[in-house]
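Sequences listed follow chains U and R, in order. full-length UniProt numbering applies: residue 1 is where the first sequence begins, and numbers increase by one. full-length UniProt numbering applies: residue 1 is where the second sequence begins, and numbers increase by one. For glycine and all other residues, C-beta sits at the position ideal for the given N, C-alpha and C. The model shown is predicted, which means the values in this text are computed figures rather than measured ones. Data block below; observations after.
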Amino acid sequence: MSDDDLDDLFTEEALPDEELALDLLEEELRQATAILDPVPAALRQIAVEAFALHDLDSRIAELSFDSVVDALPVRGGPAAPRMLTFHAGEVTVDVELTAQGLMGQVLPPRSARIEVLSGPQPGAPLTTDDMGRFTCEVPPTGPFALRLRTDEEVIVTDWLTV
Amino acid sequence: MDRADVGGLVQSAVDGDAAAWKALVEGLSPLVWSVVRSHRLSDADAHEVYQTVWFRFAQHLGRIREPDKAKSWLASTARHECLKVLKSLRRLTVTDDPQLLDRISEDRTPEQSLIDSEEAAAQSERVRRLWQEFEELGDRCRQLLRILMASPKPGYQEVSAALGIAVGSIGPLRQRCLRRLRARLEARGAV
């Protein structure tokens with residue numbers, strides 16, 4: 001939002017007539033939007049189905065580190081991995097995303113069954129090793145979250161777009 | 001859909017009422033979509049961000065502290081997710097490519113949904129021209145107006161959350177941007 005030398009426009013209060021004309025123009029724009037750029041029906045349907053993600057029994061692991069936001073940018077070269085850290089109380093989930101897939105670890109180490117979610121439907125199942133490590137050879141794209149089931153509880157990470 | 005309605009629907013959805021959730025999606029999708037579209041994302045990225053916002057809303061439903069501010073929550077979540085996607089695109093691509101941002105903004109107007117019947121042709125020509133002038137506004141105006149164009153019109157609280165600017169600066173900015181658009185249309189003899 002750095003362009004637009006808006007100050008060249010007269011800044012006095014609009015007269016009632018002009019105010020009305022601007023309101024009409026805005027309304028016309030709103031109608032044009034409804035025709036030219038409406039919410040795609042298929043997307044709306046996905047949002048309706050997302051109610052299945054409403055689950056008060058699981059704990060949310062909040063995103064506490066995202067290299068896109070929190071790390072210094074890497075200049076040039078091939079894509080650097082995207083590093084994510086999620087926290088739910090004493091449990092930490094570290095995830096590394098590359099073009100080759102996904103690697104991660106649950107800390108403190110524990111075994112868990114993990115699903116890679118891309119929507120309300122069940123995701124690809126993974127299992128950790130004894131150290132809590134897991135890998136997936138398909139790189140996730142689009143909306144992304146992990147659901148972890150341990151013997152005691154279910155943890156779901158914050159959703160984000162990858 | 002005013003704040004009290006939204007708060008009530010959120011509460012019902014928390015209690016498991018799928019119809020209330022559907023009403024929230026129907027009522028607030030245009031706001032989320034407008035915020036997403038106000039950022040210069042590709043169609044594919046815009047679709048993904050829209051979904052992420054709703055997935056996160058469903059996930060956080062029972063944990064949102066002020067349910068009657070759900071509209072602002074959605075607007076601000078959409079904004080942050082858009083900014084992050086834009087940032088990750090810049091990161092993942094060689095950074096000395098000056099064409100990147102121009103490339104992203106190509107092909108983003110879905111004209112395929114343009115109404116087609118003959119009697120609507122004149123009207124659609126006017127709509128198309130209006131849209132074109134709107135698209136050619138500077139980023140700042142384009143972004144503000146795209147958010148205001150959600151239906152129903154969003155309140156300034158939501159616009160503030162969607163843009164990260166003070167409520168008090170929205171009115172004057174709106175007026176300037178609409179004036180600017182009007183001047184462009186007049187210059188083309190389209191008013």
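Any C-beta of chain R under 8 Å from that of residue i
i	result
Pro140/U	no
Val69/U	yes
Ala61/U	no
Phe51/U	yes
Glu115/U	no
Pro143/U	yes
His87/U	no
Asp130/U	no
Arg133/U	no
Asp37/U	yes
Ala14/U	yes
Val154/U	no
Ala33/U	It is worth fixing the name first, because residue 33/U is Thr in this sequence and not Ala. Yes, Thr33/U lies at the interface with chain R (some Cβ there is under 8 Å from its Cβ).
Val48/U	yes
Arg44/U	yes
Gly119/U	yes
Arg30/U	yes
Leu160/U	yes
Leu56/U	yes
Glu26/U	yes
Arg147/U	no
Leu102/U	no
Chain U within 8 Å of residue i, Cβ atoms only
i	result
Ala58/R	yes
Pro30/R	yes
Tyr50/R	yes
Met149/R	yes
Ser105/R	The predicted position of Ser105/R is uncertain, since its pLDDT is 37 and thus under 50; a value taken from the coordinates is nonetheless stated next. No, Ser105/R does not count as interfacial toward chain U.
Trp73/R	no
Ala18/R	yes
Arg37/R	yes
Gly62/R	yes
Ser42/R	no
Gln175/R	yes
Arg65/R	no
Presumed contact (8 Å Cβ cut-off) between residue i and residue j, rounded CB distance
i	j	result
Arg146/R	Ser38/R	4 Å
Ser88/R	Val68/U	4 Å
Glu62/U	Asp158/U	6 Å
Thr128/U	Ser111/U	5 Å
Ala47/U	Val25/R	5 Å
Arg174/R	Leu144/R	6 Å
Pro143/U	Phe55/R	6 Å
Ser78/R	Val36/R	A quick correction: the sequence has Ala, not Ser, at residue 78/R. Rounded, the Cβ-Cβ distance is 6 Å, consistent with contact.
Span of the beta strand (DSSP E) around residue i
i	result
Ile155/U	Val154 to Thr157
Gln121/U	Gln121/U -> no beta strand (DSSP E), and no H or E assigned at all.
Val106/U	Gly101 to Leu107
Thr135/U	Arg133 to Cys136
Ala88/U	Arg82 to Ala88
Leu146/U	Pro143 to Arg149
Nearest residue (CA-CA) to residue i, options the options
i	options	result
Ser161/U	Val154/U, Ile60/U and Leu146/U	It should be pointed out that residue 161/U corresponds to Thr in this sequence rather than to Ser. For the residues Val154/U, Ile60/U and Leu146/U, the minimum Cα distance to Thr161/U belongs to Leu146/U.
Ser72/R	Arg174/R, Gly171/R, Arg63/R and Leu163/R	Leu163/R
Gly119/U	Leu9/R, Val36/R, Thr52/R and Trp33/R	Thr52/R
Leu83/R	Asp139/R, Arg40/R and Ile64/R	Arg40/R
Leu107/U	Ile114/U, Val91/U, Gln121/U and Thr98/U	Val91/U
Gly123/U	Thr85/U, Thr141/U and Leu84/U	Thr141/U
Gly7/R	Ser76/R, Gln132/R, Pro154/R and Pro67/R	Pro67/R
Val156/U	Asp129/U, Cys136/U, Thr127/U and Ser58/U	Ser58/U
His54/U	Glu81/R, Val10/R and Arg79/R	Val10/R
Arg58/R	Gly16/R, Asp139/R and Glu158/R	According to the sequence displayed, residue 58/R carries Ala and not Arg. Of Gly16/R, Asp139/R and Glu158/R, the residue nearest in Cα terms is Gly16/R.
Thr135/U	Pro125/U, Pro143/U and Phe144/U	Pro125/U
Arg65/R	Glu26/R, Leu31/R, Glu81/R and Val14/R	Val14/R
Leu22/U	Gly189/R, Glu81/R, Cys177/R and Arg188/R	Cys177/R
Phe134/R	Arg30/U, Asp17/U and Pro16/U	Arg30/U
Glu186/R	Ala150/R, Leu130/R and His80/R	Leu130/R
Glu48/R	Arg142/R, Met1/R, Val85/R and Asp139/R	Val85/R
residue 198/R	Ala46/R, Met149/R, Pro154/R and Gly168/R	The structure shown does not extend to residue 198/R, since chain R spans only 1 to 191, so no value can be given for it.
Buried/exposed call for residue i, threshold 16 Cβ in 10 Å
i	result
Gln100/U	exposed
Gly132/U	buried
Ala19/R	exposed
Leu72/U	exposed
Ala50/U	buried
Ser29/R	buried
Ala183/R	exposed
Thr33/U	buried
Ala166/R	exposed
Gln123/R	exposed
Leu100/R	Unreliable placement is indicated for Leu100/R, whose pLDDT of 33 sits below 50; no coordinate value is reported for it.
Leu137/R	buried
Alpha helix (DSSP H) segment containing residue i, residue limits
i	result
Asp66/U	No alpha helix (DSSP H) holds Asp66/U; the beta strand (DSSP E) holding it covers Arg59 to Asp66.
Glu48/R	Asp43 to His60
Leu22/U	Pro16 to Leu36
residue 172/U	Chain U is shown from 1 up to 162; residue 172/U falls before or after that span and cannot be answered.
Pro172/R	Ile170 to Ala187
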